[in-house]
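Yeah, the sequence shown ends on 164 if you go by this note's numbering, and it's all consecutive. Don't be surprised by glycine CBs; every beta carbon is placed ideally from N, CA and C. Scroll down for the structure; my scribbles are underneath it.
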Amino acid sequence: MKRVGNTLNTTTETYEGPLENTLPSVRGVPLCSFSGKPAHFYIGLSGPGYNDEIRMMGAICSEFVETAIVNVLGQGVDNIQWPVILDLKKNIYYHSHDAHLKGHSAIMGWKNRIISKAKE
45 MKRVGNTLNT TTETYEGPLE NTLPSVRGVP LCSFSGKPAH FYIGLSGPGY
95 NDEIRMMGAI CSEFVETAIV NVLGQGVDNI QWPVILDLKK NIYYHSHDAH
145 LKGHSAIMGW KNRIISKAKE
């Protein structure tokens, strides 16, 4: 079994509208910060609202979402502290503040999001 390091190579950007993708990519698809494979999502930190500033941290594969969430927890500053998962078009796919309001951890909120998406 190949060992994968538990480090997220972050490229921190502030997202306040359209931005240029500076992450490594293959044919326009960013590469996962953990595996180097084509990514499925971006991870970042946000304020509690959906219209708050988002700090992009890196691109991730679906199998490393939970690891990435754990890695970014505690890296926020002031109100920009909630892990968010964005699709490749940079739309919010999952916001951990929603899980917090329901009394769940960021990881449990992500798992619930995946379960609810599978039922759709």
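Candidates the options: closest to residue i by CA position
{"i": "Val109", "options": "Arg157, Ala162, Tyr94", "result": "Arg157"}
{"i": "Ile104", "options": "Ala143, Val116, Ser79, Ser90", "result": "Ser79"}
{"i": "Leu130", "options": "Ser149, Gly120, Ile113, Ile159", "result": "Ile113"}
{"i": "Gly88", "options": "Gly72, Val121, Glu107", "result": "Val121"}
{"i": "Met136", "options": "Asn123, Ala143, Ile124, Ile98", "result": "Sequence check: residue 136 is Ile here, not Met. When only C-alpha atoms are compared, the closest one is Ile98."}
{"i": "Tyr138", "options": "Lys155, Gly72, Ile124", "result": "Lys155"}
{"i": "Gly91", "options": "Pro127, Ser106, Phe85, Lys146", "result": "Pro127"}
Inter-residue Cα distance where the pair is residue i and residue j
{"i": "Met101", "j": "Lys163", "result": "29 Å"}
{"i": "Lys133", "j": "Met152", "result": "24 Å"}
{"i": "His148", "j": "Gln125", "result": "16 Å"}
{"i": "Pro82", "j": "Lys161", "result": "21 Å"}
{"i": "Asn95", "j": "Asn123", "result": "13 Å"}
{"i": "Ser140", "j": "Cys76", "result": "20 Å"}
{"i": "Gly93", "j": "Val116", "result": "18 Å"}
{"i": "Ala150", "j": "Ala143", "result": "6 Å"}
First through last residue of the alpha helix (DSSP H) which encompasses residue i
{"i": "Val109", "result": "109-116"}
{"i": "Lys155", "result": "150-163"}
Those residues which DSSP pairs with residue i across a bridge
{"i": "Ser90", "result": "Ile98, Trp126"}
{"i": "Ile136", "result": "Leu130"}
{"i": "Ala103", "result": "Tyr86"}
{"i": "Leu75", "result": "Pro82"}
Any chain D beta carbon closer than 8 Å to residue i
{"i": "Tyr94", "result": "Of the protein chains in the structure, only one exists, and it is not chain D."}
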